[in-house]
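Asker:
There are 2 protein chains.
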Amino acid sequence: MTLEPPVTTSAVAVDLTAVVIAVSEDTPVVLVRRPEAGGRAALPAGPLQAEHGTLQAGLRSWVERQTDLGLGYVEQLYTFGDRSRPADDPARGDGGRRLSIAYLALVPPLDTAVGRAPDPRTAWMPWYDAFPWEDLRSDPEPWRARLRSALAAWGSAAPKGLKAARTERVRLTFGDESSDWDAERALERYELLYEAGLVPEAAWDAGQTPATEVLDGAGRPLAIDHRRILATAVSRLRGKIKYRPVLFELLPETFTLLRLQRTAEAISGVALHKPNFRRLVAQQGLVEDTGQMEAETGGRPAKLVRFRRDVISERPAPGVRATATRRGSYP
Amino acid sequence: MTLEPPVTTSAVAVDLTAVVIAVSEDTPVVLVRRPEAGGRAALPAGPLQAEHGTLQAGLRSWVERQTDLGLGYVEQLYTFGDRSRPADDPARGDGGRRLSIAYLALVPPLDTAVGRAPDPRTAWMPWYDAFPWEDLRSDPEPWRARLRSALAAWGSAAPKGLKAARTERVRLTFGDESSDWDAERALERYELLYEAGLVPEAAWDAGQTPATEVLDGAGRPLAIDHRRILATAVSRLRGKIKYRPVLFELLPETFTLLRLQRTAEAISGVALHKPNFRRLVAQQGLVEDTGQMEAETGGRPAKLVRFRRDVISERPAPGVRATATRRGSYP
DNA sequence: CTCTCTTATGCTCAAGATGAGCATTAATCG
DNA sequence: CGATTAATGCTCATCTTGAGCATAAGAGAG
Numbered sequence: 001m002t003l004e005p006p007v008t009t010s011a012v013a014v015d016l017t018a019v020v021i022a023v024s025e026d027t028p029v030v031l032v033r034r035p036e037a038g039g040r041a042a043l044p045a046g047p048l049q050a051e052h053g054t055l056q057a058g059l060r061s062w063v064e065r066q067t068d069l070g071l072g073y074v075e076q077l078y079t080f081g082d083r084s085r086p087a088d089d090p091a092r093g094d095g096g097r098r099l100s101i102a103y104l105a106l107v108p109p110l111d112t113a114v115g116r117a118p119d120p121r122t123a124w125m126p127w128y129d130a131f132p133w134e135d136l137r138s139d140p141e142p143w144r145a146r147l148r149s150a151l152a153a154w155g156s157a158a159p160k161g162l163k164a165a166r167t168e169r170v171r172l173t174f175g176d177e178s179s180d181w182d183a184e185r186a187l188e189r190y191e192l193l194y195e196a197g198l199v200p201e202a203a204w205d206a207g208q209t210p211a212t213e214v215l216d217g218a219g220r221p222l223a224i225d226h227r228r229i230l231a232t233a234v235s236r237l238r239g240k241i242k243y244r245p246v247l248f249e250l251l252p253e254t255f256t257l258l259r260l261q262r263t264a265e266a267i268s269g270v271a272l273h274k275p276n277f278r279r280l281v282a283q284q285g286l287v288e289d290t291g292q293m294e295a296e297t298g299g300r301p302a303k304l305v306r307f308r309r310d311v312i313s314e315r316p317a318p319g320v321r322a323t324a325t326r327r328g329s330y331p
Numbered sequence: 332m333t334l335e336p337p338v339t340t341s342a343v344a345v346d347l348t349a350v351v352i353a354v355s356e357d358t359p360v361v362l363v364r365r366p367e368a369g370g371r372a373a374l375p376a377g378p379l380q381a382e383h384g385t386l387q388a389g390l391r392s393w394v395e396r397q398t399d400l401g402l403g404y405v406e407q408l409y410t411f412g413d414r415s416r417p418a419d420d421p422a423r424g425d426g427g428r429r430l431s432i433a434y435l436a437l438v439p440p441l442d443t444a445v446g447r448a449p450d451p452r453t454a455w456m457p458w459y460d461a462f463p464w465e466d467l468r469s470d471p472e473p474w475r476a477r478l479r480s481a482l483a484a485w486g487s488a489a490p491k492g493l494k495a496a497r498t499e500r501v502r503l504t505f506g507d508e509s510s511d512w513d514a515e516r517a518l519e520r521y522e523l524l525y526e527a528g529l530v531p532e533a534a535w536d537a538g539q540t541p542a543t544e545v546l547d548g549a550g551r552p553l554a555i556d557h558r559r560i561l562a563t564a565v566s567r568l569r570g571k572i573k574y575r576p577v578l579f580e581l582l583p584e585t586f587t588l589l590r591l592q593r594t595a596e597a598i599s600g601v602a603l604h605k606p607n608f609r610r611l612v613a614q615q616g617l618v619e620d621t622g623q624m625e626a627e628t629g630g631r632p633a634k635l636v637r638f639r640r641d642v643i644s645e646r647p648a649p650g651v652r653a654t655a656t657r658r659g660s661y662p
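Quick mapping for you: the protein sequence lines, in order, are chains A and B. Quick note: the first sequence uses my numbering, first residue 1, plus one each step. Quick note: the second sequence uses my numbering, first residue 332, plus one each step.
#1: Flag Thr563/B as yes if its beta-carbon sits less than 8 Å from any beta-carbon of chain A, otherwise no.
#2: Buried or exposed, going by whether 16 or more other CB atoms sit within 10 Å of the CB of Glu36/A?
#3: List the residues of chain B whose Cβ lies closer than 8 Å to the Cβ of Thr79/A, in chain order.
#4: Mark Ala488/B as exposed unless 16 or more other C-beta atoms lie within 10 angstroms of its C-beta, in which case mark it buried.
#5: Name, please, each residue of chain B whose Cβ falls closer than 9 Å to the Cβ of Arg97/A.
#6: Could you pull out every residue in the same chain whose Cβ sits closer than 6 Å to the Cβ of Glu201/A, ignoring the five residues on either side in sequence?
#7: For the segment 134-154 of chain A and the segment 182-202 of chain A, state whether three or more C-beta atom pairs, one from each stretch, are separated by less than 8 Å.
#8: Taking the continuous alpha helix (DSSP H) assigned at Asp536/B, which residues delimit it?
#9: Thinking just about the alpha-carbon of each residue, which of Thr453/B, Thr348/B, Arg500/B, Gln623/B is nearest to the one in Ser392/B?
#10: What is the residue span of the beta strand (DSSP E) that Pro275/A lies within?
#11: As a quick exercise: from Gly630/B, Pro583/B, Gln623/B, pick the residue whose alpha carbon is nearest that of Phe638/B.
#12: DSSP on Ala91/A, reduced to helix/strand/coil?
#13: Give the single residue among Thr79/A, Gly38/A, Val32/A whose Cα lies nearest to the Cα of Leu55/A.
#14: Less than 8 Å between the CB atoms is what I'm expecting for Asp340/A and Gly217/A, so what's the real figure, rounded?
#15: Tell me the DSSP secondary structure of Tyr574/B in three-state form.
#16: Asp450/B to Ala353/B, Cα distance in whole Å?
#17: Can you give me the C-alpha to C-alpha distance between Glu627/B and Ala454/B, rounded to a whole angstrom?
#18: Contact check, Ala105/A vs Val29/A under 8 Å by CB: the rounded distance?
#19: Expressed to the nearest angstrom, what Euclidean distance is found between the alpha-carbon atoms of Leu250/A and Gly369/B?
#20: Work out the CA separation of Gly298/A and Val565/B for me, nearest whole Å.
#21: In terms of residue numbering, what span does the beta strand (DSSP E) encompassing Gln76/A cover?
#22: From the DSSP output, in three-state form, read off Ile224/A for me.
#23: Hey, how far is the Cα of His604/B from the Cα of Thr594/B?
#24: Helix, strand or coil: how does DSSP classify Ala562/B here?
#25: Select from Ala271/A, Leu280/A, Ile241/A, Phe255/A the residue whose C-alpha is nearest the C-alpha of Lys303/A.
#26: Which residue wins for smallest C-alpha separation from Gly197/A, given the options Ala152/A, Glu64/A, Leu172/A, Asp182/A?
#27: Assign Leu43/A to buried or exposed, taking buried as 16 or more other Cβ atoms, counted over all protein chains shown, within 10 Å of its Cβ.
#28: Drop a sphere of 10 angstroms on the beta-carbon of Asp466/B, count the other beta-carbons inside from all chains shown, and report buried for 16 or more, exposed for fewer.
#29: Report back the beta-carbon spacing between Gly291/A and Arg137/A to the nearest angstrom; my notes put them in contact at under 8 Å.
#30: As a quick exercise: from Glu526/B, Thr504/B, Gly506/B, Arg371/B, pick the residue whose alpha carbon is nearest that of Trp485/B.
#31: Would you mind stating whether Val612/B and Leu591/B have Cβ atoms separated by less than 8 Å?
#32: Can you tell me whether DSSP reads Gly58/A as helix, strand or coil?
#33: Taking Cβ to Cβ, would you say Asp15/A is nearer than 8 Å to Leu59/A?
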């Protein structure tokens, strides 16, 4: 390898993969292609075409045609192109490499009921189906305890010198009895489970059959490496809402503060302290009154507010970061 | 476009582009290929090869061979592949598209004096040569005032409905008399200057000759879209040091707290308040004493400290964010 | 051998931001 | 009408930040 100008190399298939996220009834959902019987659902993906002026335009144009929704927000996530991508990938063929440029897109809650979707070949899948352990809104302990004990076993099984490092990684990503985990580390947690062989993709990618006990409670696998791509999106989105007002892309024009909070909770997977959440939103000037009220609250009617678009990328870092409540205090 | 499995499309040349950053004598530098006489410097780039197991491994292996330095830290930056990428790109050829997967790499200060480099065809270029306006460590005003007035003119020249939006964008990215700008928005600033035609690449990419006044003070252009890639790296790195301890990848094994601060300042482009910076570092437990002292300080000798590697990805968010001092208070 | 200069290091203080509760208000549903 | 369900408002103790001041410990000049 030299520093000479790059030259074209071996055949590379490039596709654009979309992680389209919506929030439906406090559940974050992702657009997937329906699996055939027994198969795994896949993220929508399409080949990069010559007509596409920009990568993002390519992604945007065909997703919009598919979903009939305006994609409010689109950002490039990551480019996946490791040769180790599994052999059951139909696009690989003849020793070529497949490159997937993944994008994250957010759409407002319109026709996003789970199961229904704009195209009959697609469906909205709750993302916590893929990562049940990432939802700590109600009772976090069942999942955490199980995964931690499985991972502890993996740590103990490590070769001599690696034991401490593995144990420490588990502690950092999954927390321990005394400390919560960091919601943003969803990708690291998935990767750790993969390495530990606790998700079936690990065995499949190695050409083996996963042990059955592995499948229990390990979440729903997606095609190829799509669960990893989804985990990347979850991590990115959880980080992003802390400093950019992207939550509003997931909400209708007008909404109540509780709905905003529930959306934040759905994404981050933790329950938030209501008064503090409101204070945060208020002092940041992110929303303004519409003068209307929402009556269907089940209790006292709530003000309907709207996002102040003119503040969309204002100075410091608007967005919704807020304190988690102690466990169990969700509703 | 359908949701069918992706198929191989038109020829795509894929290369891995590296933004290798070091800090030399309080100056952030980037590794570039020396330009031919009159030409523009380019970032090192090499084609993606079939042997590369992972993209990052590919990037890492050949950069390490080139520089004889261990790349402490490598992360994927962004994939550039817009069709509008300029025509003087030697790798494009026959209507094919070029895809560049850019990586950010950090190396410790070893042989990184400006101008010297591991390979005679390469050089370390101060990144503020490309973005003089991004260095606000001493006196920010000369650049800011000039760019703001040029951009104000661009705003005023906008078609009727766009005027307000343009003016607002300028205000958000470049700040105004009363407010500083956000150091992380380096990429947005470059892109705004590009759109406004204030950097020569804008004219070149359009196949035109830039007006000479444009060139004055607009920084040093790089080959193709490499200045944009570098701006992406600057923004990413400035954001990253706030919540991950990556600064240490840019420092030798042991260092003084002032050197750590100067490195943070070099990257972020702003002068920091010394006592507060120390307090921050101390309370985060990022460093530990070595017991040794550094005598060459010019004043009272300073303790030599070292980064606590075991804390490298600890819970909340270690890293170096700190308050900027008011202007002019650098040294 | 002091005085001066330079940088290291420590301390204090006032604001602001955060984490956790408690109290009131206003609808709906039997 | 009383119970239930939310919406909204307020308070308080802690942390965290932004800024400035004071002292300590070397090198060099005179």
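Virtual Cβ for every residue (Gly too), placed ideally from N, Cα, C. Keep in mind it's a predicted model, so treat the numbers as computed, not measured.
Answerer: From the atom records:
#1: no
#2: With fewer than 16 Cβ atoms within 10 Å of its Cβ, Glu36/A is classed as exposed.
#3: Proximity of chain B to Thr79/A at the Cβ level (cut-off 8 Å) is accounted for by Leu386, Gln407, Thr410, Ile432, in chain order.
#4: exposed
#5: The contacting residues are Val345, Leu379, Ala381, His383.
#6: Pro221
#7: yes
#8: Residues 531-536.
#9: Thr348/B
#10: Looking at the DSSP string, Pro275/A is not in any beta strand (DSSP E); the run it does join, the alpha helix (DSSP H), is 274-284.
#11: Pro583/B
#12: Note that Ala91/A scores 47 on pLDDT, short of 50, meaning its location in the model is unreliable and no value can be drawn from it.
#13: Thr79/A
#14: The requested residue 340/A is not part of the displayed model; chain A covers only 1 to 331.
#15: If DSSP states are grouped into helix, strand and coil, Tyr574/B belongs with coil.
#16: 15 Å
#17: 28 Å
#18: Taking the Cβ atoms as the reference, Ala105/A lies roughly 13 Å from Val29/A, outside the contact range of under 8 Å.
#19: About 50 Å.
#20: Approximately 50 Å, taken between the alpha carbons.
#21: 73-80
#22: Ile224/A: coil per DSSP, three-state reduction.
#23: 14 Å
#24: Helix.
#25: Phe255/A is the residue among Ala271/A, Leu280/A, Ile241/A, Phe255/A whose C-alpha sits nearest the C-alpha of Lys303/A.
#26: Ala152/A
#27: buried
#28: The residue in question, Asp466/B, is buried, as its Cβ has 16 or more Cβ neighbours within 10 Å.
#29: The pair is not a contact, with the Cβ atoms about 32 Å apart (cut-off 8 Å).
#30: Glu526/B
#31: yes
#32: helix
#33: No, the pair does not count as a contact, with Cβ atoms beyond the cut-off.
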